[in-house]
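Asks: Please find one structure pasted underneath; my questions will follow.
Residue numbers (the working numbering): 280 to 1050.
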């Protein structure tokens, strides 16, 4: 590991433990039995999952696996994935060709299918059950065969690139124990796009990667997959048996040392050999400890048991799919399957994927997107110049959010500002002045309206440009920097053409009304998430309400996808309409009236169930939090959009922009108390819709509280200060505890009795065979 990487990771770990220590020192108390609380959120499979879309998943942000049965071959599949295993054509000296000239994610740097470990019982599989233990990040299962029972426990160690599968079998034939066995089925090393849509390959054709090589190495088995562009990745496995053949532990590791050749094999093999020699407790204890600390970074409990379980499964999924030293999350994370979209998409997917990391106080896991942009900024900007510039401008909002939630203006000034200035300069190349002297934008895209058509003055790009300019002005004024540019940016803002509107609200562009149903809310970014239109401005509010209603009304007949509902929920939450936001979230969770499928394991797929897109369920987690806490416009909004039927709700150490940790409790329809802790010393303004006054009830230092508007209070917190507020000067116990749920509404996810999917939704491809 390079020294710079080591130091960066050390800082990340230190920040993680610092944040954890802050919760211990807080005056807010928690009364949470974490194993019990998360246990009632566990997905439970009362029937065997029969395909990826029903499977049980584990991961550590780099490697992972999806577990499901394949009855036609009498086996249990442990489908392996590693997030940085991609091709690297057009960049043979790098691990990936992302950013290389003319490189295409479809064929030049797609994700590649590693393969599956196959558990083959001696008897015929009859039935089975599984459970995803969220608290310990472990999967347990029982497989019933006509010869007995096989039980297993499977997990992906957080601190090692290692999948572990522990097996115990009671299978017998004629009173004698019979052995199960393991096989490895390599994945097809060709581009998934080339496999599923060969007609779209193009004139040049596509040459698949060479066949894999399977061999023994130092008591382990290994599959080496060479790449056409050079280098290889490798998967190694070793089975450690007890004296009784009925019990064993399988260790599996995939290493990717591309562009190097001949190195991955040794790395993967050494990992499994070392694991096989280790005390199992030395492996599992650090893994469990990490996950236990991770969950306790924040907390949320709401009256809706299904929504609460869904939320916590997304929190689990976030850590399954992301780690500080890992790659940015694509459409799969480490839980891969063949899809027509085999990589990372920039026109909505990556942006939505990262939204829940910020408020949930898991910024240590979202820095990998920052790393990608830092390393690839120039090449990415070059590839996005022109009609798709807005996509890159939008992802820079995620970059900005990372540091706003940290309360780190210095990093915004030092890292974000130079990049944002270059994007604004690229926008200037796409401007012209009309006869009235107003600045207009040349035809550009508005994802994905009318395919990828272009329109002048798209609201998508105008909103992004407004946000870039306003944010550049704000940061540079704080640091007294770029004074001449500030003048120029203010003039540009003043001269920009207004957002194009018609009788139905915001248009796509000057010459295009929103007159065709469409799943994407690109034309509405001006309100959410960019807040260039303000919910506090009556005119803006009316415009957005009209626009959202029209968007869903005209698109409801088969044009909406899952994220159309999570996005609309966030828009309504920003407007303070919690009832409508909750209604849309319920519609999403119920899988009604949209294209795409929310699966029993909370994964989400489109295109006849064949193509996973991970951002949709993750964005729903962000929408849920926005009912309870929002922060924009340099204000913290507590319970800004709680549905009327949610009389009780509580959250602990959710994070707000400005580097604040916020906790609050609501009981019988009223906000009982809130706590705010400042980690960065930024100005603190709190908005509590149902309060007319705020009184400090916490002990220690006294802080000045100034009422500045109805329900808005300015508090003079400095770095490290914490205050607990009540509406009255009375004794209130600031304790966070879960909302009780009835037994019958717990553990709602997973495949239930009689609810296996009627057909396999995988792409209809033959299993990969090679000589």
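Glycine residues also receive a C-beta, built at the ideal position from the N, C-alpha and C atoms.
1) With DSSP as the reference, identify every bridge partner of residue 719, one or two as the case may be.
2) Taking DSSP as the reference, what is the three-state secondary structure of residue 994?
3) Does the separation of the CB atoms of residue 551 and residue 584 fall below 7 Å?
4) Round the Cβ separation of residue 411 and residue 501 to the nearest angstrom and send it over; I've been treating them as touching at under 8 Å.
5) By the three-class DSSP mapping on this structure, what secondary structure does residue 548 have?
6) Is the beta carbon of residue 993 closer than 7 Å to that of residue 964?
7) Would you mind giving the Cβ-Cβ distance between residue 1036 and residue 333, rounded to the nearest angstrom? I have them listed as a contact below 8 Å.
8) Identify the residues that DSSP records as bridge partners of residue 915: which are they?
9) Classify residue 935 as buried or exposed, calling it buried when 16 or more other Cβ atoms lie within 10 Å of its own Cβ.
10) For the beta strand (DSSP E) containing residue 427, list its first residue and its last residue.
11) If I measure Cβ to Cβ from residue 286 and keep anything under 8 Å in the same chain, skipping five residues before and after, which residues do I get?
12) Using 10 angstroms around the beta-carbon of residue 465, count the other beta-carbons present and answer buried if the total reaches 16, otherwise exposed.
13) To which residues of the same chain is residue 969 closer than 7 Å at the C-beta, ignoring the five residues directly before and after it?
14) Using the rule of at least 16 other Cβ atoms within 10 Å of the residue's Cβ for burial, across every protein chain shown, is residue 380 buried or exposed?
15) Residue 423 and residue 433 look like a contact to me (Cβ under 8 Å); what is the Cβ gap, rounded to whole Å?
16) Looking at the structure shown, is residue 561 part of a helix, part of a strand, or coil, going by DSSP?
17) Would DSSP call residue 586 helix, strand or coil?
18) How far does the alpha helix (DSSP H) with residue 675 in it reach, from first residue to last?
19) Since residue 771 is in the alpha helix (DSSP H), which residue starts that stretch and which ends it?
20) Going by beta carbon distance, what residues of the same chain come within less than 8 Å of residue 229, once the five residues before and after it are set aside?
21) Buried or exposed, going by whether 16 or more other CB atoms sit within 10 Å of the CB of residue 271?
22) Measuring CA to CA, which of 577, 694, 377 and 740 is closest to residue 665?
23) To the nearest whole angstrom, what separates the beta carbons of residue 853 and residue 807, a pair I think is in contact under 8 Å?
24) Leaving out five residues before and five after residue 302 in sequence, what residues of the same chain have Cβ atoms less than 6 Å from its Cβ?
25) For residue 823 and residue 730, I'd like the C-alpha separation in whole angstroms.
26) Within 10 angstroms of its Cβ, does residue 454 collect 16 or more other Cβ (buried), or is it exposed?
27) Between the Cα of residue 321 and those of 589, 1016 and 616, spot the shortest distance and give me the residue it belongs to.
28) Please work out which residues of its chain come closer than 8 Å, Cβ to Cβ, to residue 1039, disregarding the five sequence neighbours upstream and downstream, and give them in chain order.
29) As a quick exercise: from 660, 942, 439 and 663, pick the residue whose alpha carbon is nearest that of residue 1002.
30) Rounded to a whole number of angstroms, what is the C-alpha to C-alpha distance between residue 280 and residue 688?
31) Buried or exposed for residue 623, please, with buried defined as at least 16 other CB atoms from any protein chain shown within 10 angstroms of its CB.
32) I think residue 744 touches residue 768, with their Cβ atoms under 8 Å apart; what is that distance to the nearest whole Å?
33) Going residue by residue through the segment 816-841, where are the continuous alpha helix (DSSP H) segments of at least 4 residues, counting only ones entirely within it?
34) Could you say which of 945, 1000, 981 and 927 lies nearest to residue 1020 if we only look at CA atoms?
35) Consult DSSP for residue 303 and reduce its assignment to one of helix, strand or coil.
36) Mark residue 801 as exposed unless 16 or more other C-beta atoms lie within 10 angstroms of its C-beta, in which case mark it buried.
Replies: This is what the structure gives:
1) 711
2) strand
3) no
4) The Cβ separation is near 29 Å, so there is no contact.
5) helix
6) yes
7) 6 Å
8) 910 and 965
9) buried
10) 427-435
11) Confidence in residue 286 is poor, its pLDDT being 44 and thus under 50, which makes the residue's placement unreliable; the coordinate value appears in the next sentence. Cβ within range, chain order: n/a, list empty.
12) buried
13) 949 and 950
14) exposed
15) That pair is no contact at about 18 Å.
16) helix
17) helix
18) 668-685
19) 762-774
20) Look at the range of the chain in this structure, 280 to 1050, and you will see that residue 229 is not part of it.
21) The question about residue 271 has no answer here: the residues shown for the chain are numbered 280 through 1050.
22) 740
23) 5 Å
24) Note that residue 302 has pLDDT 40, beneath the 50 cutoff, so the model's placement of it is unreliable and the number below is only indicative. These residues qualify, in order along the chain: 932.
25) 24 Å
26) exposed
27) 589
28) 329 and 330
29) 942
30) With a pLDDT of 44 at residue 280, under the threshold of 50, the modelled position of that residue is not reliable, and the figure given next carries that caveat. Taking the straight line joining both Cα atoms gives about 29 Å.
31) buried
32) So it is not a contact: roughly 10 Å between Cβ atoms.
33) 817-834
34) 927
35) Residue confidence for residue 303 is low, a pLDDT of 39 falling below 50, so the modelled location carries little weight; the figure read from the coordinates is stated next. Residue 303 falls in the helix class under three-state DSSP.
36) buried
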